[in-house]
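Engineer:
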Amino acid sequence: MKDEEVYVDQLKRHVYVKKEHSWFGGAMSIEKYSGFLTICAPRSSLRISTFKNTKYVNTLQGMCYSGETSSATLKPENSEITSFGSKQYRSISRIVGRPNDNIIGSVNIGRFWMSKFNEIYRKTTNNIPIFDDLSKFGYAVTSGYYFHRNQPLYACADPGWNYIGQVVIVDLDGDFIPLITNLRGSDIGEFFGASLASGDLNNDGLYDLVVGAPHWGNDNGRIHIYLGSSKKEFETATILKGVREDAQFGYAVAVGDMDGDDFCNNIQDFIEPITIYASHDFMYNDSSEFCKTCPVESKNSKMKSVQVLLPFDIECGEDRICNSNICATVKLWGQLFTFTLIKIKCRENNTWIIGSNDITFETHLKNYAEPAYLTTIVFTLPKEILLRSILSFCEEDTDEDILTVICNVGNPFGTDEEKVVKLNLDMRHLTNGSLHGQVLEFFTEIRTRSTNNGTHMIKSLLILQSEAYLLLNGKAIEKSYYLPNLDSDRSNIVFQHVYQILKFGETPIEDARLVVNLPTAIDDSDSPILLNKPRIYISGKYYDCLSNGVDLMSIQQRFLGETASDASNLYNLDYNNETLQNATHDVFKRNADNYIITFGAYILQTLYILKMATSKDSNDNLTIQERDIIYVNCSSYGMNCSTIYCDLNALKTQQDIGKLVIRLILNTTKLKDNFKLSNEMKIVKINTDAYVEIIKPANRIFGMNERHNTNITTEFYNTTKTQKLQLWVVLVSVSLGLILLCIVVIILNKLDFFKRTTKEELFTLKSDEVQNKYNKIDRLIMLRINMKSFIYR
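Sequential numbering from 1 applies to the sequence shown in full-length UniProt numbering.
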């Protein structure tokens, strides 16, 4: 390239552009739509004459050339040069323009000025810490819509600042350049900001910034990815680190869309060599002098171009064919934490319980042969299975509800190198229990540009199973009632039956119900039983139940003989829960005027049962007790029954519990009329039976402790009429008792029971023992005195 003379309007004079060693092509840019091309020579120097034309000043100014791609020449851009200096202060230049501008020019942020030259135009700024001897502000420049779609901003790098480097974001609109924000490196010498690139990486409409730091570590290098946001601050997305020393990863970064899918591409083909093209043509063919150093064209050769292949060192031998041997193993596993216990829900035979916890798809890879380049592993997942989280080296794609996950294993995937890829699968959308028995297919494919003599495809099967069952418990609030003859205004008794439904298994229940059969009347007689409107309680909510064949009453209605506490305790779950946990009968109390069951009634009940059990009927060989028991249940002959239906679809998890409290009002007058009860002793047993059924899922695993049905019985004891006790009977009984007491006292007196001689003898014996002890002590004292007297003599 030859030097040229150009005219600079800012200086009103011609200057010489020295192109030798100018690094022409050190920075290039082409506009996407118009084809406008800009090529920079960052080390171009200008030879500027002073005002007196006696001296020349050389500046390492740099120069850019622009033009259409169809043009054979490019014109220099010198109108953007705003300051000129006498020192070779900067040696790097970058091209930057407004994003999506039709014309891309150069921006020179560095300050070059001296007192002998006048600046035509220079923007001012402050708050940018660049006054540092090591500062290289303007080393790299890029632009983008980082914080707002209508506000273009410029990112300027200063990799030498304070030994760590920085990137500042400024707004060039207007004469004053405000500092928007800045990013700084963390490690000394990493050269943070050596390269910059902008682009919309996450497709959110805002540009993101990629910053290179090639000297991080032992020149391993790394790049920082910052996501643009409307908060006017970057969000740190990730940091990619180089794995090899002296690789200077991040020395150059670029963002581009090669295939027009609006996403930037990443080219990593290390297999195919780089092709270098060269062509020649002779500009002067008519020289008569022989030149020893000039090239000579072969007379018979018609080739005017040549190409050379520059291969990569792929460490695969002289044949340059990489024969790898990648072996892979796949397993599915998952964990369900229940307090401190751990249960494996993905069992050894690859079965998974629908509705249980998420599972992990784990793949182990190892290469036993030569390196494998551009190695990826492709997972194809069944429908309705998603990823709970995506790995940084993986990307996902969806095709007709089928998720495909592509993960980069290595480039290259070296010899004896191992890799473990764990995909956390989100199974929460797979809750249909009707899928019991179906088999899901997981495909794992290993792809590489090298020759793989190992595993290529693995097909993994996962069997779906539904596990759901219900456990039904029942208990009566009061098991029995003692019924003496009642007055007409005390003819109603309130009793309650409580049913509890527990859900077991991980699979959600789609359709289930509780059915309760309730006896109401005999044949066409009036029903002695009324029912409060049934409601089932599940997980903090009440749900109405359906009923037919029984008279309903609201909870506000109360009959004579019914206490207010009876009504208030109907939907008291703490109260009902205590009864289901074998609480004592005193939880549900009545006063003496409201059918309280006394201790005497229980004694009478026990004596009655013993009496009935010992009596035999000679005609039909049945006990009188069996003949006097009246069973009121839905299996009794001539009994009319009503049915209660409760929806159990709200039982979703094992923590959900359903409770149904059936509150019944028994009219004892109608009961006696229906069963023709006289004053003789009778037992009436009223029984309600219930069962639960799961309609969907129909096919499932049944529990070993599953109980579908149960029944609750409340007994009512009817006794003979109580007779008034005569006064003479009381007097005779008291007299006989006194006479018996006198006889017992006389007998004890005759036996000297009231004389206490034994106690007196004991006191005498103890006195003698004490006296003997004192005598022994006196003798010992006298003996000791005599011995002392003998010694002194």
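Every residue, glycine too, gets a C-beta built ideally from N, C-alpha and C.
Taking Lys-659 as the reference, which of Pro-534, Phe-702, Arg-779 and Leu-736 has the closest Cα?
Structural biologist: Mapped onto the sequence shown, residue 659 falls at position 659. Minimum Cα distance to Lys-659 is reached at Pro-534.
Engineer: Count the other C-beta atoms from every protein chain shown that fall within 10 angstroms of the C-beta of Glu-467, then say buried if there are 16 or more, exposed otherwise.
Structural biologist: Within the sequence shown, the letter at position 467 stands for residue 467. Label assigned to Glu-467: buried.
Engineer: Have a look at Tyr-207, Ala-213 and Ser-195 and flag the residue whose alpha-carbon is nearest the alpha-carbon of Gly-185.
Structural biologist: Counting from 1 along the sequence shown, the entry for residue 185 is found at position 185. For the residues Tyr-207, Ala-213 and Ser-195, the minimum Cα distance to Gly-185 belongs to Ala-213.
Engineer: Is Leu-514 near Leu-648, with beta carbons less than 7 angstroms apart?
Structural biologist: As a working note, residue 514 is residue 514 in the sequence shown. As a working note, residue 648 is residue 648 in the sequence shown. Yes, Cβ-Cβ distance for Leu-514 and Leu-648 is below 7 angstroms.
Engineer: By DSSP's criteria, Glu-467 is part of a beta bridge. Which residues make up the other side?
Structural biologist: The residue you call residue 467 lines up with position 467 of the sequence shown. BP columns for Glu-467 point to Ile-701.
Engineer: Could you tell me the alpha carbon to alpha carbon distance between Met-358 and Asn-473, rounded to whole angstroms?
Structural biologist: Translated into positions along the sequence shown, residue 358 becomes position 358. Translated into positions along the sequence shown, residue 473 becomes position 473. What sits at residue 358 in the sequence shown is Asp, not Met. Near 32 angstroms, if we compare the C-alpha coordinates of Asn-473 and Asp-358.
Engineer: Between the alpha carbons of Ser-279 and Leu-309, how many angstroms are there, rounded?
Structural biologist: Stepping through the sequence shown from its first residue, residue 279 is reached at position 279. Stepping through the sequence shown from its first residue, residue 309 is reached at position 309. Taking the straight line from one Cα to the other gives about 15 angstroms.
Engineer: For Leu-748 and Leu-740, what's the separation of their Cα atoms in angstroms?
Structural biologist: Sequence index remark: in the sequence shown, residue 748 carries index 748 (1-based). Sequence index remark: in the sequence shown, residue 740 carries index 740 (1-based). Those two C-alpha atoms are separated by around 13 angstroms.
Engineer: Please state whether the Cβ-Cβ distance between Gly-355 and Pro-178 is less than 7 angstroms.
Structural biologist: Here residue 355 refers to the residue found at position 355 when the sequence shown is read from its first residue. Here residue 178 refers to the residue found at position 178 when the sequence shown is read from its first residue. Not in contact: Gly-355 and Pro-178 (Cβ atoms no closer than 7 angstroms).
Engineer: Considering Cα atoms alone, identify which of Ile-164, Glu-245 and Asn-350 is closest to Gly-334.
Structural biologist: The residue you call residue 334 lines up with position 334 of the sequence shown. Among Ile-164, Glu-245 and Asn-350, the Cα nearest to that of Gly-334 belongs to Asn-350.
Engineer: Apart from the five residues just before and just after Ser-115, which ones in its own chain have a Cβ nearer than 7 angstroms to its Cβ?
Structural biologist: On the sequence shown, position 115 is the one that residue 115 refers to. The predicted position of Ser-115 is uncertain, since its pLDDT is 30 and thus under 50; a value taken from the coordinates is nonetheless stated next. Closer than 7 angstroms at Cβ, skipping near neighbours: no residue.
Engineer: So, is Gly-25 buried or exposed, given that buried needs 16 or more other C-beta atoms within 10 angstroms?
Structural biologist: Position 25 of the sequence shown holds residue 25. It is exposed - the Cβ of Gly-25 has fewer than 16 other Cβ atoms within 10 Å.
Engineer: Just reading off the beta strand (DSSP E) that Lys-18 is part of, what are its end residues?
Structural biologist: Locating residue 18 in the sequence shown gives position 18, where the first residue counts as 1. Counting along the chain, the beta strand (DSSP E) containing Lys-18 begins and ends at 13-18.
Engineer: Bridge partners for Pro-76 per DSSP, in chain order?
Structural biologist: As a first step, residue 76 must be located in the sequence shown, where it is residue number 76. Its beta-bridge partners are Tyr-65.
Engineer: Could you check whether the segment 139-155 touches the segment 201-213, counting it as contact only if at least three pairs of C-beta atoms, one from each stretch, sit closer than 8 angstroms?
Structural biologist: With the cut-off at 8 angstroms, the segment 139-155 and the segment 201-213 touch.
Engineer: Mind reading off the beta-carbon distance from Asp-416 to Asn-367? Whole number of angstroms is fine, and I expect it under 8 angstroms.
Structural biologist: For this step, residue 416 is matched to residue 416 along the sequence shown. For this step, residue 367 is matched to residue 367 along the sequence shown. Contact holds; Cβ gap of about 7 angstroms.
Engineer: Could you please give me the residues that DSSP links to Ala-690 through a beta bridge?
Structural biologist: Locating residue 690 in the sequence shown gives position 690, counting from the first residue. Partner(s): Val-516 and Thr-710.
Engineer: State whether the segment 634-653 contacts the segment 515-529, with contact taken as three or more CB pairs (one from each stretch) at a distance under 8 angstroms.
Structural biologist: Taking 8 angstroms as the limit for Cβ pairs, the verdict is that the segment 515-529 does touch the segment 634-653.
Engineer: Leaving aside the five residues before and after Tyr-499 along the sequence, list all residues of the same chain whose C-beta is less than 6 angstroms from its C-beta, in chain order.
Structural biologist: Taking the sequence shown and counting its residues from 1, one reaches residue 499 at position 499. Excluding sequence neighbours, Tyr-499 sits near Gly-474, Leu-660 and Ala-690.
Engineer: With DSSP run on the structure shown, which of helix, strand or coil describes Asp-551?
Structural biologist: For this step, residue 551 is matched to residue 551 along the sequence shown. Three-state result, Asp-551: coil.
Engineer: Can you name, in chain order, every residue of its own chain whose Cβ lies under 7 angstroms from the Cβ of Lys-232, other than the five neighbours on each side?
Structural biologist: In the sequence shown, the residue the question calls residue 232 occupies position 232. Phe-147, Ile-180 and Thr-181, listed in sequence order.
Engineer: Kindly give me the distance between the Cβ atoms of Phe-379 and Leu-423, rounded to whole angstroms, as I take these residues to be in contact under 8 angstroms.
Structural biologist: In the sequence shown, residue 379 corresponds to position 379, counting from 1. In the sequence shown, residue 423 corresponds to position 423, counting from 1. Confirmed, about 6 angstroms.
Engineer: Mark Arg-428 as exposed unless 16 or more other C-beta atoms lie within 10 angstroms of its C-beta, in which case mark it buried.
Structural biologist: Position 428 of the sequence shown holds residue 428. Under this definition Arg-428 is an exposed residue.
Engineer: Can you tell which of Val-17, Phe-192 and Ser-66 has the C-alpha that lies nearest to the C-alpha of Tyr-251?
Structural biologist: Within the sequence shown, numbered from 1, the residue matching residue 251 stands at position 251. Ranking the options by Cα distance to Tyr-251, first place goes to Phe-192.
Engineer: Compute the distance between the beta-carbons of residue 824 and Asn-492, then report whether it is under 7 angstroms.
Structural biologist: Residue 824 lies beyond the residue range present for the chain, which begins at 1 and ends at 793; the question has no answer from this structure.
Engineer: Can you pull the DSSP bridge partners for Met-427?
Structural biologist: As a first step, residue 427 is located in the sequence shown; it is residue number 427 there, counting from the start. Looking at the DSSP assignment, Met-427 forms no beta bridge with any residue, so it has no partner.
Engineer: Kindly list the residues whose CB is nearer than 6 angstroms to the CB of Asp-401, restricted to its own chain and excluding five residues on each side of it in sequence; keep chain order.
Structural biologist: Locating residue 401 in the sequence shown gives position 401, where the first residue counts as 1. Closer than 6 angstroms at Cβ, skipping near neighbours: Lys-383.
Engineer: Would the segment 394-413 and the segment 435-442 be scored as touching if the rule is three or more Cβ pairs under 8 angstroms?
Structural biologist: Contact fails: fewer than three Cβ-Cβ distances are below 8 angstroms.
Engineer: In terms of DSSP beta bridges, what is Asn-182 paired with?
Structural biologist: Along the sequence shown, one-based indexing puts residue 182 at 182. Bridge partners of Asn-182: Val-168.
Engineer: With 16 as the cutoff for other CB atoms within 10 Å, does Arg-13 come out buried or exposed?
Structural biologist: Position 13 of the sequence shown holds residue 13. Exposed is the call here.
Engineer: Use the C-beta contact count for Arg-222: other C-beta atoms within 10 angstroms, 16 or more gives buried, fewer gives exposed.
Structural biologist: For the purposes of this step, residue 222 is identified with residue 222 of the sequence shown, where counting begins at 1. Arg-222 should be labelled buried.
Engineer: Cα separation between Arg-700 and Cys-316?
Structural biologist: Position 700 of the sequence shown, counting from 1, holds the residue named residue 700. Position 316 of the sequence shown, counting from 1, holds the residue named residue 316. Their Cα atoms are separated by approximately 55 angstroms.
Engineer: For Glu-396, which residues of its own chain have a beta-carbon under 8 angstroms away from its beta-carbon, when the five flanking residues on both sides are left out?
Structural biologist: Residue 396 sits at position 396 when you count from the first residue of the sequence shown. If we look at Glu-396 and ignore the five residues flanking it on each side, its Cβ neighbours are Leu-387, Ile-390, Leu-403, Thr-404, Val-405 and Ile-406.
Engineer: Alpha carbons only, please: which of Glu-370, Glu-4 and Leu-470 is nearest the one belonging to Glu-318?
Structural biologist: As a working mapping, residue 318 is identified with position 318 in the sequence shown. The residue with the shortest Cα to Cα distance from Glu-318 is Glu-370.
Engineer: List the DSSP bridge partners of Phe-443.
Structural biologist: Taking the first residue of the sequence shown as position 1, residue 443 is located at position 443. Answer by DSSP bridge pairing, in chain order: Thr-380 and Lys-459.
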